[in-house]
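As numbered in full-length UniProt numbering, residues 4 to 225 make up the sequence shown, in order.
Working notes, beginning with the structure itself.
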Amino acid sequence: EKGIIIAVDGPSGAGKSTLSKLLSRRLDYLEIDTGAMYRAMAWLARESGLDLNDDAAVRRFCSTALVELSLCNGATRVLANGRDVTGEIRTPEISMLTSRISSLAPVREAMVALQRRMGAKGGVILDGRDIGTVVFPDAELKFFLSASAEERGKRRFLELQAKGEQISLEETVQSVIQRDRQDSERELSPLRRAEDAIPIDSTGLTIDEVVALMEQAFHERT
Ligand code: C5P
């Protein structure tokens, strides 16, 4: 039996990648973290000193930048022009740059085309901001995850703290709020819930409780 396409969208820190990973293991599906792909583009842009205001340079950059997700011992590695940047793309600086670079049309066109190729066969869970609205508007199952800004900021803070980043809780909450605003107010593929997406507010719920809700919805659909 051919697997379906599952879209998981929502603001930063809503738990999309954690939940998508867990659900993909339970369903034996492939997980595609599209935020990681935009982060890899931001990493490459910084590395090459790309001027984001230079349209021609941005187009040239997009036609040569190579972003790949590869499965290695059950964990996804993110490759940018062949280099493993998995650990380096999760910093507050790259997060902010990603939010800026992902508002550029050539960047979105390149990533959306790649994501469609990667997901075409089904049996996949894609998590991002525009999966249910733009990348796969016909996805058989869509979720829109959210949680209060405080809770999302707190989750990000704990992640960053665990990695030894020097950042305060207050700063993290503020950067989550700022990124939400940028992602929701941009002109191209702004973050919004697809009409047919199942909304899940995870404030006050455990990860296991949310995965159980998602799995139940999956079994009810198929
Ligand atoms: O999900 P994550 O926080 O890793 O995404 C980083 C950034 O990439 C987001 O803030 C957003 O600007 C961008 N993004 C996007 N479209 C997606 C996934 C991520 O614009 N499908």
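Don't be surprised by glycine CBs; every beta carbon is placed ideally from N, CA and C.
In this structure, the CA atom of L161 is about 10 Å from the CA atom of I170. Burial state of G18 is buried, judged by a 10 Å Cβ sphere holding 16 or more other Cβ atoms.
Exclusion of the five residues before and after I35 leaves L72, Q118, M121, G122, V127, I128, L129 and D130 as the residues of its chain whose Cβ lies within less than 8 Å of its Cβ. Exclusion of T175 from the 6 Å shell around the ligand C5P follows from its C-beta lying no nearer than that to any non-hydrogen atom of the ligand.
DSSP places R62 in the uninterrupted alpha helix (DSSP H) bounded by D58 to T67. By the C-beta criterion, the region 39-47 is judged to be in contact with the region 84-92, since at least 3 inter-stretch pairs fall below 8 Å. Looking at the DSSP output, D204 sits in a beta bridge with S149. With distances taken between CA atoms, G6 lies nearest to S27 out of T21, G16, L22 and S27. Within its own chain, the residues whose Cβ lies closer than 6 Å to the Cβ of I134, once the five positions on either side in sequence are excluded, are A10 and D12, listed in chain order. DSSP places G18 in the coil class of the three-state scheme, outside both helix and strand.
D130 carries a strand assignment under DSSP once its states are collapsed to helix, strand and coil.
Shortest Cα-Cα distance from K166 to any of T94, R63 and Q181 involves T94. Cβ contact annotation for S23 (same chain, cutoff 6 Å, sequence separation greater than five): V11, E34, I128 and D130, in chain order.
Between the beta-carbon of I201 and that of A215 there is about 13 Å, and that puts the pair past the 8 Å contact cut. Three or more pairs of CB atoms, one per stretch, sit closer than 8 Å, so the region 174-182 contacts the region 95-102. By the Cβ-count criterion, T37 is buried, with 16 or more other Cβ atoms from all chains shown falling within 10 Å of its own Cβ. For V115, the enclosing alpha helix (DSSP H) begins and ends at A108 to G122. When secondary structure is reduced to three states using DSSP, S178 falls in the helix class.
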